[in-house]
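Student: Pasting a structure here, questions to come.
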Amino acid sequence: MEDAAAAAGNGRREAALGGLAVLPDEVLCAVVDLLSPTDIGRLACVSSVMYILCNEEPLWMSKCLSVGGLLAYKGSWKKTALSRVNLCSEHDEIYQKPRHFDGFNSLHLYRRWYRCFTSLSSFSFDNGHVERKDDLSLDQFRSQYDGKCPVLLTKLAETWPARTKWTVQQLTRDYGEVPFRISQRSPQKIKMKLKDYVSYMELQHDEDPLYIFDDKFGESAPALLEDYSVPHLFHEDFFDIMDYDQRPAFRWLIIGPERSGASWHVDPGLTSAWNTLLCGRKRWALYPPGRVPGGVTVHVNDEDGDVDIETPTSLQWWLDIYPSLAEHEKPLECTQLPGETIFVPTGWWHCVLNLEMTVAVTQNFVNQSNFEHVCLDMAPGYCHKGVCRAGLLAVPDKSIKDIENHPRMSRWNHTDMTRKEKRLKSSEPVRTSNNANLCSEFELSDIHESLGDQVFSYNIDFLSQFLEKEKDHYSSVWSPTNSIGQREAREWLRRLWVLKPELRELIWKGACLAINVDKWYSCLEEISACHSLPPPSEDEKLPVGTGSNPVFIVSDNVIKIYAEGGLGYSIHGLGTELEFYDLLRKLGSPLMNHVPDIIASGFLVYQDGVYRTVPWDGKGIPDILAKYYPLEVSYANGSFPLGLWSKQLFGSSNLTDVPDKPIWPYMVTRKCKGDIFARIRDKLTKTDVLNLASSLGVQMRNIHQLPLPHVDHVFKSGNDDIKAKENSIFNVALVPPEWKQVVSTLDRRKKNLKKHLSNWGGSIPQVLIEKAEEYLPDDTLFLIKFVKDDDGDSVYVAPSWIHSDIMDDNILIEGTTEQGTSTDCIIDKDLNKMDAIHIIDFSDLSIGDPLCDLIPLHLDVFRGDIDLLRQFLRSYQLPFLRGESNNDMYKSVQNSKFSRASYRAIG
Numbered sequence: 001m002e003d004a005a006a007a008a009g010n011g012r013r014e015a016a017l018g019g020l021a022v023l024p025d026e027v028l029c030a031v032v033d034l035l036s037p038t039d040i041g042r043l044a045c046v047s048s049v050m051y052i053l054c055n056e057e058p059l060w061m062s063k064c065l066s067v068g069g070l071l072a073y074k075g076s077w078k079k080t081a082l083s084r085v086n087l088c089s090e091h092d093e094i095y096q097k098p099r100h101f102d103g104f105n106s107l108h109l110y111r112r113w114y115r116c117f118t119s120l121s122s123f124s125f126d127n128g129h130v131e132r133k134d135d136l137s138l139d140q141f142r143s144q145y146d147g148k149c150p151v152l153l154t155k156l157a158e159t160w161p162a163r164t165k166w167t168v169q170q171l172t173r174d175y176g177e178v179p180f181r182i183s184q185r186s187p188q189k190i191k192m193k194l195k196d197y198v199s200y201m202e203l204q205h206d207e208d209p210l211y212i213f214d215d216k217f218g219e220s221a222p223a224l225l226e227d228y229s230v231p232h233l234f235h236e237d238f239f240d241i242m243d244y245d246q247r248p249a250f251r252w253l254i255i256g257p258e259r260s261g262a263s264w265h266v267d268p269g270l271t272s273a274w275n276t277l278l279c280g281r282k283r284w285a286l287y288p289p290g291r292v293p294g295g296v297t298v299h300v301n302d303e304d305g306d307v308d309i310e311t312p313t314s315l316q317w318w319l320d321i322y323p324s325l326a327e328h329e330k331p332l333e334c335t336q337l338p339g340e341t342i343f344v345p346t347g348w349w350h351c352v353l354n355l356e357m358t359v360a361v362t363q364n365f366v367n368q369s370n371f372e373h374v375c376l377d378m379a380p381g382y383c384h385k386g387v388c389r390a391g392l393l394a395v396p397d398k399s400i401k402d403i404e405n406h407p408r409m410s411r412w413n414h415t416d417m418t419r420k421e422k423r424l425k426s427s428e429p430v431r432t433s434n435n436a437n438l439c440s441e442f443e444l445s446d447i448h449e450s451l452g453d454q455v456f457s458y459n460i461d462f463l464s465q466f467l468e469k470e471k472d473h474y475s476s477v478w479s480p481t482n483s484i485g486q487r488e489a490r491e492w493l494r495r496l497w498v499l500k501p502e503l504r505e506l507i508w509k510g511a512c513l514a515i516n517v518d519k520w521y522s523c524l525e526e527i528s529a530c531h532s533l534p535p536p537s538e539d540e541k542l543p544v545g546t547g548s549n550p551v552f553i554v555s556d557n558v559i560k561i562y563a564e565g566g567l568g569y570s571i572h573g574l575g576t577e578l579e580f581y582d583l584l585r586k587l588g589s590p591l592m593n594h595v596p597d598i599i600a601s602g603f604l605v606y607q608d609g610v611y612r613t614v615p616w617d618g619k620g621i622p623d624i625l626a627k628y629y630p631l632e633v634s635y636a637n638g639s640f641p642l643g644l645w646s647k648q649l650f651g652s653s654n655l656t657d658v659p660d661k662p663i664w665p666y667m668v669t670r671k672c673k674g675d676i677f678a679r680i681r682d683k684l685t686k687t688d689v690l691n692l693a694s695s696l697g698v699q700m701r702n703i704h705q706l707p708l709p710h711v712d713h714v715f716k717s718g719n720d721d722i723k724a725k726e727n728s729i730f731n732v733a734l735v736p737p738e739w740k741q742v743v744s745t746l747d748r749r750k751k752n753l754k755k756h757l758s759n760w761g762g763s764i765p766q767v768l769i770e771k772a773e774e775y776l777p778d779d780t781l782f783l784i785k786f787v788k789d790d791d792g793d794s795v796y797v798a799p800s801w802i803h804s805d806i807m808d809d810n811i812l813i814e815g816t817t818e819q820g821t822s823t824d825c826i827i828d829k830d831l832n833k834m835d836a837i838h839i840i841d842f843s844d845l846s847i848g849d850p851l852c853d854l855i856p857l858h859l860d861v862f863r864g865d866i867d868l869l870r871q872f873l874r875s876y877q878l879p880f881l882r883g884e885s886n887n888d889m890y891k892s893v894q895n896s897k898f899s900r901a902s903y904r905a906i907g
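So in the UniProt record's numbering, spot 545 of the sequence shown is number 545, and the numbers just go up one at a time.
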């Protein structure tokens, strides 16, 4: 009978699918999931089997969750999805009586159906793998559990109001209209009102149910924060020192039905966590650091260290994989009961399954125990990230003996592995057969050859061996999965150094791992000694600010070491900055009173284990630089061969920068008076900020009116790029040589736009990165103002020096006004206040349209305040644009829509 049924099923399947019958059902379902709802509806009419596949609820759940925003469940995912994309109204009856077809069976669909309707009541109480304690003293916790193993604590939440108030019924009464964030495998952010979510929980039969996982619940429902307190064992949190809007997500409200839960993961940034359950039961499975669970694959990108974990859902793992594990391969397990708090140490893998409807709160934290691990995970590179999560699976050239010595390790399956992405997958215990060249495609530094017979250890000294020495914090790509951005990481470490002096030994170790501070401090000591500066004090050992280069303040001196972008970018940054300062001195520009005074500049070279300095004033090319960075400099005969025009040529060329050279440019300046505007802006009066806008208007005009260095011939690279613009509406022969280089640079940047934006560490949403090119014209010449005057002659706005990084952390403000000063009297009464600012960090100097400075100024410094912009423009003394002459300028403004500031600002 079974054979007959199978034959009947196969017969209907083959007849209904035709040539597609060779594809497994899971592949067909994946293909259908790629279609739009309208096309799915059409496909459902093709055959009986397609009708079945196209009416699967998981398919329509996927379609529904592909649309972000506020979600209200309509009783079925098909109806919900169609209403979300406006293919049916609230009251449309989209269902006829469902059609049933005999003679078709599918093991794939049956397993999915089983997961949708299975009950978890058969899960028994745990066997005591995880210790249960009523409570612990802080000393007991630190010595026995913190950073070592999980523990269940039964009495930490006894006095919380949440113990009685956080039931689904009470929460719905109090917060039913509040939208909460939903955690689900979806590229879109989904929210549901709590009352709608509770209704969904009661109606749903999903194999992977939605659950509330909201890190902003304290903002959506602030009163919830009053219902619980952080347990005394977890009070220490180094991220508390950060501003709230800068620290990574750290606390979550979790509400979910039976069968929902969190799939296998290691907590972000190698933080530790505590989770308190208020109602229901949760089943936990845990593996120690370095032990990849069965069925899980860890992807580590070797370009940026991005970590991605491929895992089945929690329910799938418990139902399909767990039963097949040998006893010695099974994880630590426990069942968490209401009122219990579980502690999960740094690096531990864990998977959670809700056995009933549950409500919980959880927080991640950084303390003395895991601080170095968190810092290590911030470091650039990929090998150490793989080792922290997958243990010796991530290490090349390890013998089978090495791996077998670790009883929890499983072999590395490197099927379909490329150099760009390493896949670390657990399957079965390691055997000596079929593993001769286990990791031959993994290429890393020689440090691993010295490991000998060591077995995996989560000790920080062991893990730090896998840092890639050639990777540097300031010049390497920041991983998009890091818990905080580069700038935030530097600011965080600096704050810890200043505010927690009793922990400086620990903080120094973490800073050495995360930002190579020991290397840059050695550079600082050599520069200070060479130029007879006071030795750095203990307070001055860490870099300051959030810029892209290490900057130290020693007494009244600022030492900046150029590291961003590699050696080529750095030397041109210093060369251009020195040329700019030389120009200010020659012209006697009033801007000299608003920029730092240069004390010294040169190169720092590392040879034979010793740092030494080579002075350089920007003129000529030192022999030591030619040795490490051979250049064909177009302007070698000029006063500043690595100045502005060489920098423009470098920026528009396709030359690959030279990495990993032991030479760094540096500059020493006198510390300017005043405070960084970014740090004090919230304390200033509106009058103070209006004064700042006035002073900025004067000084930015001083920058933009400086003459450019002489151009004695046309750039070859820029010329070739311009000639290639055959479809340009402009007569390229009339393009001035200064603009040819700008256009060539813009074209090159446009080609690398997506990669450049992605490398900013996640500060720009991916959806905007994908659309960024749409905001730019096909022909970048449109961004330059070229028009014809009344006589038919070419008229253009001359390019200017531009700062290129005029942000609130590059402005120092000294003078302030008293509260109540009238803003109407600023120009006449407070002119002296206009001299109370300094502009710093000219390493990104370039040429182009002055609007390139105005846009970040308005968005970052003025935060879009139109009053501040008006004050700035009034002080700048419009017209803002500069032409060959005033007549040319006014003609150009009148004659072309592409000359409008609004259009060019968008570009």
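Think of the CB as a built atom: it goes at the ideal place given N, C-alpha and C, for glycine as much as any other residue.
As the structure is a prediction and not an experimental result, all values here were calculated from the model.
Give the straight-line distance between the Cα atoms of residue 912 and residue 540, rounded to the nearest whole angstrom.
Tutor: Since the displayed the chain opens at 1 and closes at 907, residue 912 lies outside it and no answer follows.
Student: In this structure, does DSSP put residue 63 in helix, strand or coil?
Tutor: For this step, residue 63 is matched to residue 63 along the sequence shown. Three-state result, residue 63: helix.
Student: Taking only the alpha-carbon atoms, compute the straight-line gap between residue 242 and residue 224 and give it to the nearest angstrom.
Tutor: To locate residue 242, count along the sequence shown from 1; it is residue 242. To locate residue 224, count along the sequence shown from 1; it is residue 224. Residue 242 and residue 224: Cα-Cα distance of roughly 22 Å.
Student: What are the boundary residues of the beta strand (DSSP E) that includes residue 282?
Tutor: Position 282 of the sequence shown, counted from the start, is the residue given in the question as residue 282. Here the beta strand (DSSP E) through residue 282 covers 282 to 287.
Student: Short of 6 Å in beta carbon distance, which residues of its chain neighbour residue 69, apart from the five on each side in sequence? Order them along the chain.
Tutor: If you number the sequence shown from 1, residue 69 lands on position 69. No residues qualify anywhere along the chain.
Student: What do you reckon, are the CB atoms on residue 351 and residue 285 nearer than 8 Å?
Tutor: To locate residue 351, count along the sequence shown from 1; it is residue 351. To locate residue 285, count along the sequence shown from 1; it is residue 285. Cβ atoms of residue 351 and residue 285: closer than 8 Å.
Student: Return the residue from the list 551, 740, 252 and 203 that minimises the CA-CA distance to residue 214.
Tutor: For the purposes of this step, residue 214 is taken as the residue at position 214 of the sequence shown. The candidate whose alpha carbon is nearest that of residue 214 is 252.
Student: Where does residue 303 sit, in a helix, a strand or coil, going by DSSP?
Tutor: On the sequence shown, residue 303 is found 303 positions in, with the first residue counted as 1. It is coil, neither helix nor strand.
Student: Could you check what DSSP says for residue 491 in three-state terms: helix, strand or coil?
Tutor: Within the sequence shown, numbered from 1, the residue matching residue 491 stands at position 491. Note: residue 491 maps to helix in three-state DSSP.
Student: Within 8 Å of any Cβ in chain D, is that where the Cβ of residue 600 sits?
Tutor: Given the protein chain composition of this structure (a single chain), no chain D is represented.
Student: Between residue 642 and residue 571, how many whole angstroms is the CB-CB distance? I'm expecting something under 8 Å.
Tutor: Position 642 of the sequence shown holds residue 642. Position 571 of the sequence shown holds residue 571. Between residue 571 and residue 642 the Cβ distance is about 6 Å, and since that is below 8 Å, they are a contact.
Student: In the DSSP assignment, find the alpha helix (DSSP H) that holds residue 240 and state where it starts and stops.
Tutor: Along the sequence shown, read from residue 1 onward, the residue named residue 240 stands at position 240. That residue, residue 240, is in no alpha helix (DSSP H); it is neither H nor E in DSSP.
Student: With contact counted as at least three CB pairs below 8 Å, one residue from each stretch, are the stretch 484 to 503 and the stretch 526 to 546 in contact?
Tutor: The stretch 484 to 503 is in contact with the stretch 526 to 546.
Student: Are residue 135 and residue 120 close, meaning C-beta to C-beta below 8 Å?
Tutor: The count along the sequence shown starts at 1 and reaches residue 135 at position 135. The count along the sequence shown starts at 1 and reaches residue 120 at position 120. Not closer than 8 Å, so no.
Student: With DSSP collapsed to three states, give me the class of residue 368.
Tutor: Translated into positions along the sequence shown, residue 368 becomes position 368. Coil at residue 368, not helix or strand.
Student: Please report the distance separating the alpha-carbon of residue 486 from that of residue 478.
Tutor: Locating residue 486 in the sequence shown gives position 486, where the first residue counts as 1. Locating residue 478 in the sequence shown gives position 478, where the first residue counts as 1. Looking at the two C-alpha atoms, the distance is approximately 7 Å.
Student: With a CB to CB cut of under 8 Å and the five nearest residues on each side skipped, what residues in its chain are close to residue 807?
Tutor: Position 807 of the sequence shown holds residue 807. Contacts found: 678, 856, 860 and 861.
Student: Check for me: the beta strand (DSSP E) holding residue 605 runs from which residue to which?
Tutor: For this step, residue 605 is matched to residue 605 along the sequence shown. Per DSSP, residue 605 belongs to the beta strand (DSSP E) from 598 to 607.
Student: For residue 362, which of helix, strand or coil comes out of DSSP?
Tutor: For this step, residue 362 is matched to residue 362 along the sequence shown. Correct three-state label for residue 362: strand.
Student: Could you tell me if residue 866 is buried or exposed, where buried requires 16 or more neighbouring beta carbons within 10 angstroms of its beta carbon?
Tutor: Here residue 866 refers to the residue found at position 866 of the sequence shown. It counts as exposed.
Student: Helix, strand or coil for residue 557 per DSSP?
Tutor: Counting from one through the sequence shown, the residue named residue 557 turns up at place 557. Of the three classes helix, strand and coil, the one that applies to residue 557 here is strand, per DSSP.
Student: With 16 other CB atoms within 10 Å as the buried threshold, where does residue 84 fall?
Tutor: Your numbering for residue 84 matches position 84 in the sequence shown. Buried.
Student: What is the DSSP secondary structure of residue 610, counted as helix, strand or coil?
Tutor: Within the sequence shown, numbered from 1, the residue matching residue 610 stands at position 610. Reduced to three states, the DSSP call for residue 610 is strand.
Student: Hey, quick one: how far does the beta strand (DSSP E) through residue 352 stretch, first residue to last?
Tutor: Along the sequence shown, read from residue 1 onward, the residue named residue 352 stands at position 352. Its beta strand (DSSP E) spans residues 349 to 354.
Student: Smallest Cα separation from residue 380: which of 468, 346 and 309?
Tutor: Your numbering for residue 380 matches position 380 in the sequence shown. Ranking 468, 346 and 309 by Cα distance to residue 380 puts 468 first.
Student: Run through the DSSP bridge pairs and tell me what residue 848 is partnered with.
Tutor: Taking the first residue of the sequence shown as 1, we reach residue 848 at position 848. Its beta-bridge partners are 800.
Student: Between residue 697 and the ligand HEM, is there a pair consisting of the residue's CB and a ligand heavy atom that are separated by less than 7 Å?
Tutor: Because no ligand of any kind appears in the structure shown, any question about the ligand HEM cannot be addressed here.
Student: Using alpha carbons as the reference points, say which of 576, 604 and 591 lies closest to residue 619.
Tutor: Residue numbering aside, residue 619 sits at position 619 when the sequence shown is read from its first letter. It is 576.
Student: If you count every other CB in all the chains shown that lies within 10 Å of the CB of residue 323, and 16 or more means buried, which is it?
Tutor: As a first step, residue 323 is located in the sequence shown; it is residue number 323 there, counting from the start. Residue 323 comes out exposed.
Student: Give a yes or no on whether the C-beta atoms belonging to residue 20 and residue 28 are separated by under 8 Å.
Tutor: If you number the sequence shown from 1, residue 20 lands on position 20. If you number the sequence shown from 1, residue 28 lands on position 28. Cβ distance < 8 Å, so residue 20 and residue 28 count as in contact.
Student: Starting from residue 679, trace the alpha helix (DSSP H) both ways and give me its first and last residue.
Tutor: For this step, residue 679 is matched to residue 679 along the sequence shown. First-last of the alpha helix (DSSP H) with residue 679: 677 to 680.
Student: Given that a residue counts as buried once 16 or more other Cβ atoms are within 10 Å of its Cβ, and exposed if not, what is residue 702?
Tutor: Residue numbering aside, residue 702 sits at position 702 when the sequence shown is read from its first letter. Residue 702 comes out buried.
Student: Check the C-beta distance from residue 484 over to residue 248 and give it rounded, since I have them as a contact under 8 Å.
Tutor: Walking along the sequence shown from the start, residue 484 turns up at place 484. Walking along the sequence shown from the start, residue 248 turns up at place 248. Confirmed, about 5 Å.
Student: Buried or exposed: which applies to residue 912, given that a residue is buried once 16 or more other Cβ atoms fall within 10 Å of its Cβ?
Tutor: Absent from the model: residue 912. The displayed extent of the chain is 1 to 907, so no value can be given.
Student: May I ask which residues mark the beginning and end of the alpha helix (DSSP H) holding residue 164?
Tutor: As a working mapping, residue 164 is identified with position 164 in the sequence shown. Counting along the chain, the alpha helix (DSSP H) containing residue 164 begins and ends at 162 to 165.
Student: Is residue 472 closer than 8 Å to residue 315 when the C-beta atoms are compared?
Tutor: Stepping through the sequence shown from its first residue, residue 315 is reached at position 315. Stepping through the sequence shown from its first residue, residue 472 is reached at position 472. No. Outside cutoff.
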